[in-house]
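**Q**
Number of protein chains: 2
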Amino acid sequence: MREIKVGVIGAGVVGSSVIKILQENQELISNRIGARLIPTKAVVKDLTKKRDINIALSDDINFILEDESIEIVIELMGGVEQAFEVAKKVLEKNKSLVTANKAMLAYHRYDLQKIKKNHPIGFEASVCGGIPIIKALKDGLAANHILSLRGILNGTSNYILTQMIQNAMSFDDALKQAQILGYAEADPTLDIDGSDAGHKLLILASLAYGIDAKPQDIIIEGIEKINASDIAFANEFGFVIKLLGIAKKIDNEIELRVHPVLIDKDKMIAKVDGVMNGISVVGDRVGETLYYGAGAGGDATASAVISDLIEIARGKNSAMLGFEKSDNSLKLRDKGKIQSRYYIRLSAYDKTGVLAKISSILSKNNISIQAFLQKQAKDGIAKLLFTTHISQESSIHNALSEIDSQDFIESKSFFIRIDE
Amino acid sequence: MREIKVGVIGAGVVGSSVIKILQENQELISNRIGARLIPTKAVVKDLTKKRDINIALSDDINFILEDESIEIVIELMGGVEQAFEVAKKVLEKNKSLVTANKAMLAYHRYDLQKIKKNHPIGFEASVCGGIPIIKALKDGLAANHILSLRGILNGTSNYILTQMIQNAMSFDDALKQAQILGYAEADPTLDIDGSDAGHKLLILASLAYGIDAKPQDIIIEGIEKINASDIAFANEFGFVIKLLGIAKKIDNEIELRVHPVLIDKDKMIAKVDGVMNGISVVGDRVGETLYYGAGAGGDATASAVISDLIEIARGKNSAMLGFEKSDNSLKLRDKGKIQSRYYIRLSAYDKTGVLAKISSILSKNNISIQAFLQKQAKDGIAKLLFTTHISQESSIHNALSEIDSQDFIESKSFFIRIDE
């Protein structure tokens with residue numbers, strides 16, 4: 001049986017798990033592909049660290065790059081520019097590349113694709129490890145124009161929101177609990193500010209639309225400002241709050257954004273709770289499909305890494321990002337052009353004339369109110385919660401900036417888009 | 001750009017949709033694969049029937065088989081033996097084969113695989129068209145030992161059950177409504193008796209386990225006997241009733257069965273309602289993943305057919321059923337060995353001593369009751385509804401057959417397994 005030697009750069013949680021699964025499920029995998037995938041070498045930063053893996057180790061990357069017997073290199077070192085340099089070297093050495101590095105791909109996926117035409121590069125593990133969404137978009141749904149894609153792409157945020165919704169926890173307590181359970185890092189910034197979900201959305205947008213966008217080109221907002229009033233309002237009106245990555249085709253423009261949304265609680269994607277991830281994709285022919293699974297964790301991510309090794313071993317050839325030829329007619333849509341219903345929270349000193357003034361500012365900006373809830377004033381401060389009819393994003397920004405400048409406003413306004 | 005000519009055998013709803021999508025989404029598809037997929041000929045049974053497609057037609061299968069320019073043949077004629085004969089001829093002519101024919105595959109998938117090693121054969125459309133589950137099992141989850149698979153594989157049954165649960169419809173009314181809406185055939189037998197789901201489960205079991213079983217080898221039960229008492233009992237105890245196809249690995253044995261289950265209403269799969277399909281797969285590494293989408297319909301099925309064309313055009317080589325070499329240690333588990341909790345419905349004449357007798361029969365068969373509900377007798381007939389602790393399938397059969405022979409029994413007992 002043919003042997004395919006594999007090198008692993010970065011043997012942390014995911015790397016160790018890849019090595020173990022290749023060893024422990026070896027018979028299953030070789031039965032499936034008719035070849036043996038053998039991890040022969042790993043490169044690590046710190047050789048003195050104790051590791052529970054059985055493989056030759058080095059702290060020199062050339063240990064793998066210069067080994068001509070190694071056909072596939074798995075990049076799990078993290079970071080952006082340094083990882084990209086390593087990935088380039090892997091391709092220059094004519095080895096196949098598998099990476100789980102979403103941040104690197106968010107910036108350099110098109111650079112990588114350009115280096116060598118149809119050279120095997122796998123990155124299933126970069127987006128929601130437990131969900132084979134890369135293959136679904138490249139292969140399973142390839143006959144479809146993708147009308148929209150909505151994903152719960154970050155398990156940490158979803159866990160925090162689920163705790164806030166189901167157990168009435170505060171944001172801070174839910175975050176602390178996520179850290180205790182190992183669902184959030186000591187520094188959870190990239191998870192809760194939407195950056196991590198943004199990286200993943202950009203990768204998915206390339207596969208769905210061939211759109212080359214970078215994090216700075218799109219709206220990326222996190223969940224840090226959501227509070228108990230928002231949760232209660234959403235619940236009152238039949239919504240839950242989720243952090244979604246959204247890609248939408250509107251004529252020849254593609255809208256890309258990551259932000260919290262109020263979403264009808266009966267939708268399938270609204271039922272994806274806890275640390276789980278879910279992605280709903282609507283195709284012009286297939287209708288809605290939804291994929292659900294673990295977003296992170298060593299074994300789930302490793303399972304995705306190995307699915308790429310298997311695909312490479314089977315000799316599948318296709319463009320890395322799913323298009324042999326891009327569709328130049330599709331353009332990234334301007335952020336200000338978003339149209340949505342909005343949920344808005346204002347905090348104002350309880351005086352006469354406040355509501356009249358707010359209403360007049362909204363009306364001047366062509367924003368009409370759909371549902372309104374004013375909470376009884378406490379310590380002289382009233383909470384005004386309301387939803388709008390469909391409005392233009394730029395109008396909302398204008399109106400809220402004028403409202404925030406009024407002297408009766410106690411603290412800055414906050415809004416959440418309503419997803420329909 | 002390379003042109004790949006495609007012939008379509010059977011141009012009903014799905015075939016027409018395949019031809020149209022290939023024509024209408026041609027630019028997208030050729031951008032994706034760098035080749036043009038061109039449907040050139042279709043074979044139909046009745047040439048006089050008016051069709052809304054633009055393609056050369058014939059009622060002679062050799063119109064396609066003898067055309068050397070056609071590289072891929074799509075079999076959409078239905079039936080078992082005749083379709084298998086056609087499929088064999090397609091392979092003998094060295095053409096690639098794409099089929100949506102689950103009944104044919106339920107009987108002949110291993111025969112087909114044997115004809116030519118690693119010859120391109122695609123059948124994504126045979127199981128839940130809108131869900132790329134074949135590719136997920138062959139590729140995405142290939143690193144995993146599949147611990148279990150549970151699928152809502154038949155949209156008609158799921159629609160009927162959903163109507164019974166959510167709108168308190170009777171089985172007959174729900175079936176009638178499904179027929180009016182086009183979700184059920186005039187003769188709905190294969191959908192509601194579990195056969196259709198059984199065919200699909202057998203195909204999935206091959207991909208997950210390499211198990212060669214035929215419909216007659218496994219338990220296949222339908223939803224015809226479920227009534228309002230069962231629905232109400234399930235609801236009372238936090239369950240919904242779904243028709244599931246279940247594959248489960250227990251040591252080196254694989255349990256395969258299709259039947260209604262009571263399932264915890266909070267599970268993701270329990271939330272798949274209406275005509276939609278859903279499949280939950282648990283892998284030893286990836287944990288639970290779930291796939292959701294349309295199960296049938298011309299366009300969704302056609303989308304799956306075209307995903308196979310795209311895969312073939314991309315030159316992916318892999319064993320048709322996902323294994324180059326089968327794992328001979330896995331065996332089909334004996335039907336009587338199933339262990340489960342059970343929900344049981346008895347209908348008895350309201351006399352003294354009935355409960356004592358039933359209890360003693362159950363206890364003699366090592367079946368212990370977990371929850372019990374006796375409905376007030378109506379017309380002298382009492383309904384006894386209860387759930388058991390984990391019991392052996394064979395003990396349940398023995399006990400119920402003894403109970404059914406008692407003279408106080410008004411009509412035959414009915415049970416539903418509880419899925420946990």
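Going down the list, the sequences are from chains A and B.
Residue 150 in full-length UniProt numbering sits at position 150 of the first sequence, and the numbers go up by one each step.
Residue 323 in full-length UniProt numbering sits at position 323 of the second sequence, and the numbers go up by one each step.
A virtual CB, placed ideally from N, CA and C, is assigned to each residue, including glycine.
Any beta carbon of chain A sitting closer than 8 Å to that of B:G293?
**A** So yes, B:G293 belongs to the interface.
**Q** Chain A beta carbons: is any one of them nearer than 8 Å to that of B:K265?
**A** No, its Cβ sits nowhere closer than 8 Å to a Cβ of chain A.
**Q** Output, in sequence order along the chain, the residues in the segment 314-327 of chain B whose CB is closer than 8 Å to any CB in chain A.
**A** Those would be R314, G315, K316, N317, S318, A319, G322, F323, E324, K325, S326 and D327, in chain order.
**Q** Please classify B:Q376: is it buried, with 16 or more other beta-carbons within 10 angstroms of its beta-carbon, or exposed?
**A** B:Q376 should be labelled exposed.
**Q** With C-beta atoms as the reference, is B:N101 less than 8 Å away from B:S126?
**A** Cβ distance < 8 Å, so B:N101 and B:S126 count as in contact.
**Q** Can you pull the chain A neighbours of B:A136, defined as C-beta to C-beta under 7 Å?
**A** By Cβ distance, chain A contributes P132.
**Q** With three or more C-beta pairs closer than 8 Å as the rule, is the segment 170-182 of chain B touching the segment 305-318 of chain B?
**A** No, they do not touch.
**Q** Inspect the CB distances between the segment 270-284 of chain B and the segment 66-73 of chain B and report whether three or more fall short of 8 Å.
**A** As far as the Cβ criterion goes, the segment 270-284 of chain B does not touch the segment 66-73 of chain B, which means the pair count is below three.
**Q** Given that a residue counts as buried once 16 or more other Cβ atoms are within 10 Å of its Cβ, and exposed if not, what is B:K82?
**A** The residue asked about is misnamed: residue 82 of chain B is Gln in this sequence, not Lys. Looking at its Cβ environment, which holds fewer than 16 other Cβ atoms inside 10 Å, B:Q82 is exposed.
**Q** Considering only DSSP beta bridges, list what A:N94 is partnered with.
**A** DSSP output for A:N94 lists no bridge partner at all.
**Q** Please confirm whether B:H145 and B:D284 have their CB atoms less than 8 Å apart.
**A** Yes, the Cβ-Cβ distance between B:H145 and B:D284 is below 8 Å.
**Q** Considering just the uninterrupted stretch of the alpha helix (DSSP H) at B:K357, what are its terminal residues?
**A** It spans V354 to K364 - the alpha helix (DSSP H) in which B:K357 sits, taken as one unbroken run.
**Q** Would B:T387 pass as a contact of A:Y292 if the rule is Cβ separation under 8 Å?
**A** Not in contact: B:T387 and A:Y292 (Cβ atoms no closer than 8 Å).
**Q** Please report the distance separating the alpha-carbon of A:L28 from that of B:A270.
**A** Those two C-alpha atoms are separated by around 31 Å.
**Q** Let me know the secondary structure DSSP gives B:E236 once reduced to three states.
**A** The answer is helix: DSSP assigns B:E236 an H, G or I state.
**Q** Does the Cβ of B:F123 have 16 or more other Cβ atoms within 10 Å, making it buried, or fewer, making it exposed?
**A** It is buried - the Cβ of B:F123 has at least 16 other Cβ atoms within 10 Å.
**Q** Pull up the distance between the alpha-carbon of A:E324 and that of A:R36, whole angstroms please.
**A** If you take the alpha carbons of A:E324 and A:R36, they lie about 30 Å apart.
**Q** Shortest alpha-carbon distance to B:D408 belongs to which of B:N365, B:A382 and B:I133?
**A** Checking the sequence shown, residue 408 of chain B turns out to be Phe, not Asp. Answer by Cα proximity: B:A382.
**Q** Per DSSP, A:K375 is paired with what?
**A** Answer is A:K383, bridged to A:K375.
**Q** Any heavy atom of the ligand MN closer than 7 Å to the CB of B:H259?
**A** This structure does not include the ligand MN; it has no bound ligands of any sort.
**Q** Could you check how far apart the C-beta atoms of B:S96 and B:P120 are, in whole angstroms? I think they sit under 8 Å.
**A** The Cβ separation is near 4 Å, so the contact holds.
**Q** Report the option in A:I254, A:G297, A:E253 and A:A168 whose CA atom is closest to the CA atom of A:S16.
**A** Measuring from the Cα of A:S16, the nearest candidate turns out to be A:G297.
**Q** Taking 8 Å as the threshold (C-beta atoms), are A:R345 and A:D230 in contact?
**A** Contact flag set, yes.
**Q** Nearest chain B C-beta to A:R285 closer than 8 Å, yes or no?
**A** At least one chain B Cβ lies under 8 Å of A:R285.
**Q** How would you list, in chain order, the residues of chain A whose beta-carbon sits under 8 Å from the beta-carbon of B:N31?
**A** G210, F323, E324, K325, S326 and D327, listed in chain order.
**Q** Of the choices A:M169, A:R257 and A:I4, whose alpha-carbon is the least far from that of A:K200?
**A** The option with the nearest alpha carbon to A:K200 is A:R257.
**Q** Taking DSSP as the reference, what is the three-state secondary structure of B:F84?
**A** Three-state result, B:F84: helix.
**Q** Tell me whether A:T162 is buried or exposed, calling it buried when 16 or more other Cβ atoms sit within 10 Å of its Cβ.
**A** Looking at its Cβ environment, which holds 16 or more other Cβ atoms inside 10 Å, A:T162 is buried.
**Q** Less than 8 Å between the CB atoms is what I'm expecting for B:V86 and B:I9, so what's the real figure, rounded?
**A** Yes, they are in contact, since the Cβ atoms of B:V86 and B:I9 sit about 6 Å apart, within 8 Å.
**Q** Between A:K265 and A:F239, is the Cβ-Cβ spacing less than 8 Å?
**A** Yes, Cβ-Cβ distance for A:K265 and A:F239 is below 8 Å.
**Q** For B:F408, write down the residues that DSSP places opposite it in a beta bridge.
**A** B:F408 is not bridged to any residue.
**Q** Pick out whichever of A:I134, A:T301 and A:I418 has its Cα sitting closest to the Cα of A:L204.
**A** Closest option to A:L204, Cα to Cα, is A:I134.
**Q** Among A:K89, A:A319, A:K337 and A:D193, which has the Cα closest to the Cα of A:K249?
**A** Cα-wise, what sits closest to A:K249 is A:K337.
**Q** For A:H119, decide whether its Cβ has a neighbour in chain B, counting only Cβ atoms nearer than 8 Å.
**A** No, because no Cβ of chain B sits closer than 8 Å to the Cβ of A:H119.
**Q** Cutting at 8 Å between CB atoms, please list the residues of its own chain near B:L57, excluding the five before and the five after it.
**A** The residues are A11, K41, A42, V43, V44, L47 and R51.
**Q** From the DSSP output, read off the bridge partner residues of A:N277.
**A** Looking at the DSSP assignment, A:N277 forms a beta bridge with A:G293.
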